[in-house]
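Here's the structure, in structure tokens; my notes come after.
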Ligand code: SF4
Ligand code: SF4
């Protein structure tokens with residue numbers, strides 16, 4: 128769901144997720160908790176580098 132090669136760790140998706148499903152891992156890359164995600168699409172729309180694809 129998150130392409131770690133593209134993610135720059137800006138934290139935008141973490142801040143915008145309405146259910147707190149995204150966090151940054153030890154390398155500063157976004158990770159989505161699939162159990163919490165409601166697939167609203169907000170993170171995908173907000174990512175400046177298009178690192179997120181929630182259809183995957
Ligand atoms: S699709 Fe919505 S609920 Fe799922 S991680 Fe992104 S912002 Fe959060
Ligand atoms: S918004 Fe995009 S670049 Fe920023 S932390 Fe999230 S996935 Fe990474």
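Numbering (our numbering), first residue to last: 128 to 183.
Yeah, the Cβ is synthetic: ideal placement off N, Cα and C, and Gly gets one too.
Between the Cα of residue i and those of the options, spot the shortest distance and give me the residue it belongs to.
i: residue 153; options: 145, 146 and 131; result: 131
i: residue 163; options: 179, 172, 148 and 173; result: 148
With a CB to CB cut of under 7 Å and the five nearest residues on each side skipped, what residues in its chain are close to residue i?
i: residue 150; result: 141 and 158
i: residue 138; result: 151
Given the structure, does residue i come close to ligand 2, in the sense that its CB is under 6 Å from one of the ligand's heavy atoms?
i: residue 182; result: no
i: residue 134; result: yes
i: residue 157; result: yes
i: residue 179; result: yes
Here's a check: name, in chain order, each residue in its chain whose Cβ is nearer than 8 Å to the Cβ of residue i, leaving out the five neighbours to either side.
i: residue 156; result: 129, 131, 134 and 136
i: residue 166; result: 181
Taking only heavy atoms of ligand 1 into account, decide whether any of them is closer than 6 Å to the Cβ of residue i.
i: residue 168; result: yes
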